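Trainee: Throughout, this note's numbering is defined as the position within the sequence shown, counted from one, plus 102. Even for Gly, the Cβ is constructed at its ideal location relative to N, Cα and C. Note that the structure is predicted; figures quoted are calculated from it, not measured.
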Amino acid sequence: MDRGNMYEGKNMALFEEEMDSNPMVSSLLNKLANYTNLTQGVVEHEADEDSKRKEVKVPRMGTFIGVYLPCLQNILGVILFLRLTWIVGTAGVLESFIIVFMCCACTMLTAISMSAIATNGVVPAGGSYYMISRSLGPEFGGAVGLCFYLGTTFAGAMYILGTIEILLTYISPSAAIFKAEEVGEETEPMLNNMRVYGTCIIVLMAIVVFVGVKYVNKLALVFLACVILSIIAIYAGVIKTAFDPPDFPICLLGNRTLSKRNFDVCAKFTESNNETKTTMLWRLFCDSSSLNATCDDYFTLNNVTEIQGIPGITSGVLLDNLWSTYSEKGSIVEKKGQSSVAGSEDTKIAGRPYVFTDIMTYFTMLVGIYFPSVTGIMAGSNRSGDLKDAQKSIPTGTILAISTTSFIYLSCIVLFGACIEGVILRDKFGEAVNRNLVVGTLAWPSPWVIVIGSFFSTCGAGLQSLTGAPRLLQAIARDGIVPFIQVFGHGKANGEPTWALLLTAGICEIGILIASLDSVAPILSMFFLMCYMFVNLACAVQTLLRTPNWRPRFKYYHWTLSFLGMSLCLALMFICSWYYALIAMLIAGCIYKYIEYRGAEKEWGDGIRGLSLNAARYALLRVEDGPPHTKNWRPQVLVLLNLDSEQLVKHPRLLSFTSQLKAGKGLTIVGSVLQGIYLDKCAETQKAEENVKTLMGIEKTKGFCQIVVSPSFRDGISHLIQSAGLGGMKHNTVLMAWPQSWKQTENHFSWKNFVDTVRETTAAQQALLVAKNIDLFPTNQERFTDGNIDVWWIVHDGGMLMLLPFLLRQHKVWRKCKMRIFTVAQMDDNSIQMKKDLQMFLYHLRLNAEVEVVEMFENDISAFTYEKTLVMEQRSQMLKQMQLSKNEREREAQLIHDRNTASHSAPAVKASVAAAAPEKVQMTWTKEKLVAEKHKNKETNLSGYKDIFNMKPNQSNVRRMHTAVKLNGVVLNKSQHAQLVLLNMPGPPKNRKGDENYMEFLEVLTEGLDRVLLVRGSGREVITIYS
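#1: Counting along the chain, where does the alpha helix (DSSP H) carrying Ile273 start and finish?
#2: According to DSSP, is Ala282 helix, strand or coil?
#3: Thinking Ile434 and Val457 are a contact (beta carbons under 8 angstroms), I'd like their distance in whole angstroms, please.
#4: Can you pull the DSSP bridge partners for Met163?
#5: So, Gly829 versus Leu663, is the Cβ gap smaller than 8 angstroms?
#6: Hey, how far is the Cα of Pro880 from the Cα of Val956?
#7: CB Met296 to CB Ile266, shorter than 8 angstroms?
#8: For Ile823 and Val836, which I take to be in contact (beta-carbon distance under 8 angstroms), what is that distance rounded to the nearest angstrom?
#9: Could you tell me which uninterrupted beta strand (DSSP E) segments, each at least 3 residues in length, are contained entirely in the region 852-938, listed from first to last along the chain?
#10: Per DSSP, what are the beta-bridge partners of Tyr682 in this structure?
#11: From Asn536 to Ile522, what distance separates their C-alpha atoms?
#12: Less than 8 angstroms between the C-beta atoms of Asp389 and Lys450, yes or no?
#13: Would you please state the rounded distance, in angstroms, between the beta carbons of Ile415 and Ala344? I believe it to be under 8 angstroms.
#14: Where does Tyr464 fall in DSSP's three states?
#15: Apply the 10 Å Cβ neighbour rule to Gln788 and answer buried if 16 or more other Cβ atoms are within range, or exposed otherwise.
#16: Buried or exposed for Phe629, going by 16 or more other Cβ atoms inside 10 Å?
#17: Please state the DSSP three-state secondary structure of Arg1113.
#18: Taking Cβ to Cβ, would you say Tyr400 is nearer than 8 angstroms to Gly356?
#19: Hey, how far is the Cα of Ala866 from the Cα of Ser1120?
#20: Thinking C-beta only, is Tyr251 closer than 8 angstroms to Ala607?
#21: Gly411 and Ile526: beta carbons closer than 8 angstroms?
#22: Pick helix, strand or coil for Pro549, following the three-state DSSP scheme.
#23: Where does the unbroken alpha helix (DSSP H) through Met292 begin, and where does it stop?
#24: Quick test of the definition: if touching needs 3 or more C-beta pairs under 8 angstroms, does the region 544-563 touch the region 199-206?
#25: Excluding the five sequence neighbours on either side, which residues of its own chain have a C-beta within less than 7 angstroms of the C-beta of Gly164, listed in chain order?
#26: Would you mind giving the Cβ-Cβ distance between Leu646 and Ile336, rounded to the nearest angstrom? I have them listed as a contact below 8 angstroms.
#27: So, are the CB atoms of Ile896 and Trp916 less than 8 angstroms apart?
#28: Checking 8 angstroms against the spacing of the C-beta atoms, do Asn294 and Pro654 come in under that value?
#29: Between which residues of its own chain and Pro1020 is the CB-CB distance below 6 angstroms, once the five residues before and five after are set aside?
#30: Cα-Cα, which of Phe325, Leu269, Gly564, Glu373 is closest to Leu306?
#31: Does the Cβ-Cβ distance between Val50 and Met675 come in under 8 angstroms?
#32: When DSSP builds the beta bridges, which residues end up paired with Pro351?
#33: Can you tell me whether Val637 is buried or exposed, with buried defined as 16 or more other CB within 10 angstroms of its CB?
#34: Going by DSSP, name the residue or residues bridged to Ser374.
#35: Relative to the alpha-carbon of Asp422, which residue among Leu383, Arg528, Gly499, Ser475 has its alpha-carbon at the smallest distance?
#36: To the nearest angstrom, report how far apart Glu862 and Ala873 are at their CA atoms.
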């Protein structure tokens, strides 16, 4: 074999094991350059999810066509042509300027924030939704994404309503299906026409979008050309008014504007051939055409005058239009400064040919109607998936489009105010100028340029909304964070969202059924404002957190700008309509909570997670690393779980009990130990952690899970007790189950571990709770309807015994149980005084409990107690001997002989002997210890071996057994039927000789009781009588 081939590809031999999981730099760069799904690491979540999305080949667009033009077309829409003149007339030039400036400032600030987010990494399809969700997390992303979707959908409805208004009012009034029967009652039939035509147009547009987006994009350019031509026509018309104003006369009766629908001559009567004839106008106000007819009072007292509707830019009409003229619904449009004589109070107005206002107007309502005209700023970012270079195109295109449109709007306000008479500006539907579009009257060469242009522009904007909204919904559905909309993620083979389009058309229809453009506009204002508010919040949060991943290419942003934009959005929401704002927030809040409750767990490295981490770090540093004040003490529990060979939890009720105890709301750490070496046990550790977390979820135990792998079980528990927790958030209480099978010979380690754990918690100054018969404890679903929680308070060790029943009774399981406190009186105690003192103590502690003092008198040690102690000691010796080899057995026998001799001859010296010769008190003999002993003392005298059945019990053990038996009898007498018994847990013996006997004492103490919680305090006060 050729040597060259043999070593081919070995340049990176050192890293070949890594290559399975970590891609080579060359292949990574290749993926980056080709703009495919990025893998940022081994199993990066985005790559994981993106691999599920099929890459669909679509034509890639540049900044001008992909961002600038769609934004321009969406921003310059229906409001500019249909409502801007009316807003200027009603609010006056100054207030209109404020409205437009506020709205444009809001969108500009949002665009700056959006540019920063859009240039911080690749933005795939989904645009604004994608940006918010990846910056603020799935809950905010889903809530705001759906709000933005609803906004875009209602925008579609608004554009369609605008299209129909232009069609039926200005292009072809005869096409109306429903006609008004009387003058002044046109509103209701018009709304019905809107509903019928709107539904037809939605169906048509949905079909166009379904057939293909590419046709919409081609049509978009045509529609945009119409918009630009219309705007040029307006500017041209303004220039023309300076030297040759168009002829649009308005007829006024006194100071009231007349609608020119039902008469032709603006006069009461005409002279022809020296004969005075009454006009059609006369007949509208009088009961006959004769000169001596009875006429309307106001008509008789006032003259009919004719003025120019468009006096021109040089006429100085701007000064008249500077200030606002708000009015009630149904009031007559009147010219300011024109003289008139008021008629009698009961003069009939309805049915007269006046120009009426159709809705009540006020500043905040105009903000709501105007705001949708600046909302197209996301049109470019929504197409992020179709752009060649989204990071470059989105900021440039969007900010340019906003600058252009803001200039157009602000200049139009001043120009409208300077050129057009105030009464025409306030005449929403152009009734005083023969039903011409008011903007059209100003345009050059003909009003029809604007009418046709605005018709096509609103059509185009409607199509754009119906294209963008389904894609947005599809992006949210494909993320899988909102389970009930996942069906809308499916589409045609080429990726077009069919189901989402159907839903969008359905929601659009709701907007159409509302039918009034002025009612739909504030609805979508809310949804857009909420979306923009969160874009600003996302940028501010990311900037302030300074996360390492936050490095946008767009540098011209600052958190203060984002914060200002967010405040402005919130203010505008409540300015537009406080109740719509609250409803929109409620909808977003519900979606947020739903995603939090039901949605898929997503980790997107979002800002809210970063914010939580920063807040947690700040809080941890603030919590002093010392014991808290007694008033702030709460059980921070370390729960020690045992796992079986399958890594499943042996006693799940321990977690149920923990969640019942957590009314104190403190920290919970659920710990467990796996025996072995960590490198070998990695997979098992993960499996164990998953099992424990699943169980914690089922039992609703909120806390953290910590699995430790250690060569010995004993050391693992020690590590947990020492190192679980962080800073001031460390546990102060250990909860564990009583080792039920400690008497079994093959399980001799379990009781040693248990006793050592008791010792270590004491050394660490932590409280210890031991639940005996844990499997009999109630689940979280059970409810005790009656019964008692009995506390046996024998020694005071910080008040844990008092606090625990109080915390348990906060939970539904134990709420109906009564608390009883028993205390034991000795020979010398005054039990009556003890009871009074205890009641007073509980009163000061603000705890409700029955109090009972149980008297326990000294009496002789019974034969039963003596016998029980003897059996216990013999058994423990037998156990030891069963563990030992022959050599060790001889040694151990000698030790037993020595110990018995010592205890018989000088029981008082027993402890000092044990302390002086610790090497003779070994409990278990290992091989190493045996070898060491042999070297140390080879020639030990092994004589004197006695039969263990001849021994006598140790005095100290007899006394302890006596206490356990007596106390158990008293407890059984009073508390056998209690739902739970809490007992002081006696400490283990100082020296380690009597560990086994200690277990036996505890067993005897709790014999016959169903549910027992042995409590050992940490030695510090945990409950206080002070406020």
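Mentor: The relevant details are as follows:
#1: One-based indexing of the sequence shown puts residue 273 at position 171. No alpha helix (DSSP H) contains Ile273, which DSSP labels as neither H nor E.
#2: To locate residue 282, count along the sequence shown from 1; it is residue 180. The answer is coil: DSSP assigns Ala282 none of H, G, I, E or B.
#3: Residue 434 sits at position 332 when you count from the first residue of the sequence shown. Residue 457 sits at position 355 when you count from the first residue of the sequence shown. Indeed they touch by this definition, with Cβ atoms about 7 angstroms apart.
#4: To locate residue 163, count along the sequence shown from 1; it is residue 61. DSSP lists Leu489 as partners of Met163.
#5: The residue labelled residue 829 in the question sits at position 727 within the sequence shown. The residue labelled residue 663 in the question sits at position 561 within the sequence shown. It is not a contact, given that the beta carbons lie outside the stated cut-off.
#6: Taking the sequence shown and counting its residues from 1, one reaches residue 880 at position 778. Taking the sequence shown and counting its residues from 1, one reaches residue 956 at position 854. Straight-line Cα distance between these residues: approximately 29 angstroms.
#7: Working through the sequence shown from its first residue, we reach residue 296 at position 194. Working through the sequence shown from its first residue, we reach residue 266 at position 164. For Met296 and Ile266, yes; Cβs fall inside 8 angstroms.
#8: In the sequence shown, residue 823 corresponds to position 721, counting from 1. In the sequence shown, residue 836 corresponds to position 734, counting from 1. Confirmed, about 6 angstroms.
#9: 869-874, 890-895, 920-927
#10: Position 580 of the sequence shown, counting from 1, holds the residue named residue 682. DSSP lists no bridge partner for Tyr682.
#11: Counting from 1 along the sequence shown, the entry for residue 536 is found at position 434. Counting from 1 along the sequence shown, the entry for residue 522 is found at position 420. For Asn536 and Ile522, the distance between alpha carbons rounds to 16 angstroms.
#12: In the sequence shown, counting from the first residue as 1, residue 389 sits at position 287. In the sequence shown, counting from the first residue as 1, residue 450 sits at position 348. Contact flag unset, no.
#13: Taking the sequence shown and counting its residues from 1, one reaches residue 415 at position 313. Taking the sequence shown and counting its residues from 1, one reaches residue 344 at position 242. The pair is a contact, with the Cβ atoms about 5 angstroms apart (cut-off 8 angstroms).
#14: Looking up residue 464 in the sequence shown gives position 362. Here Tyr464 sits in coil by DSSP.
#15: Taking the first residue of the sequence shown as 1, we reach residue 788 at position 686. By the 10 Å Cβ count, Gln788 comes out exposed.
#16: Counted from its first residue, the sequence shown places residue 629 at position 527. Here Phe629 is buried. Its C-beta has 16 or more other C-beta atoms within 10 Å.
#17: Here residue 1113 refers to the residue found at position 1011 when the sequence shown is read from its first residue. Arg1113 falls in the coil class under three-state DSSP.
#18: Position 298 of the sequence shown, counted from the start, is the residue given in the question as residue 400. Position 254 of the sequence shown, counted from the start, is the residue given in the question as residue 356. Yes. Within cutoff.
#19: In the sequence shown, the residue the question calls residue 866 occupies position 764. In the sequence shown, the residue the question calls residue 1120 occupies position 1018. Cα-Cα distance, rounded: 8 angstroms.
#20: Residue 607 sits at position 505 when you count from the first residue of the sequence shown. Residue 251 sits at position 149 when you count from the first residue of the sequence shown. By the CB criterion at 8 angstroms, Ala607 and Tyr251 fall outside the cutoff.
#21: On the sequence shown, residue 411 is found 309 positions in, with the first residue counted as 1. On the sequence shown, residue 526 is found 424 positions in, with the first residue counted as 1. It is a contact, given that the beta carbons lie within the stated cut-off.
#22: Locating residue 549 in the sequence shown gives position 447, where the first residue counts as 1. Pro549: helix per DSSP, three-state reduction.
#23: Counted from its first residue, the sequence shown places residue 292 at position 190. Where Met292 is concerned, the enclosing alpha helix (DSSP H) stretches over 289-313.
#24: no
#25: Numbered from its first residue, the sequence shown carries residue 164 at position 62. Excluding residues within five positions, the ones whose Cβ falls inside 7 angstroms are Lys490, Ser495.
#26: For this step, residue 646 is matched to residue 544 along the sequence shown. For this step, residue 336 is matched to residue 234 along the sequence shown. About 44 angstroms separates the two Cβ atoms, so there is no contact after all.
#27: What you label residue 896 is simply residue 794 of the sequence shown in a count that begins at 1. What you label residue 916 is simply residue 814 of the sequence shown in a count that begins at 1. Cβ atoms of Ile896 and Trp916: not closer than 8 angstroms.
#28: As a first step, residue 294 is located in the sequence shown; it is residue number 192 there, counting from the start. As a first step, residue 654 is located in the sequence shown; it is residue number 552 there, counting from the start. It is not a contact, given that the beta carbons lie outside the stated cut-off.
#29: Here residue 1020 refers to the residue found at position 918 when the sequence shown is read from its first residue. Per-residue confidence for Pro1020 stands at a pLDDT of 37, beneath the threshold of 50, marking its modelled position as unreliable; no derived number is given.
#30: Reading the sequence shown from its first residue, position 204 is the one you call residue 306. The shortest C-alpha separation from Leu306 is found at Gly564.
#31: In the structure displayed, the chain extends from 103 to 1129; residue 50 sits before or after that span and is not available.
#32: For the purposes of this step, residue 351 is taken as the residue at position 249 of the sequence shown. Secondary-structure assignment with DSSP links Pro351 through a beta bridge to Gln410.
#33: Along the sequence shown, read from residue 1 onward, the residue named residue 637 stands at position 535. The residue is buried, with at least 16 neighbouring Cβ atoms inside 10 Å.
#34: Along the sequence shown, read from residue 1 onward, the residue named residue 374 stands at position 272. In the DSSP output, where bridge partners are listed per residue, Ser374 has Glu377.
#35: Translated into positions along the sequence shown, residue 422 becomes position 320. The shortest C-alpha separation from Asp422 is found at Arg528.
#36: Locating residue 862 in the sequence shown gives position 760, counting from the first residue. Locating residue 873 in the sequence shown gives position 771, counting from the first residue. Rounded to the nearest angstrom, the two C-alpha atoms are 18 angstroms apart.
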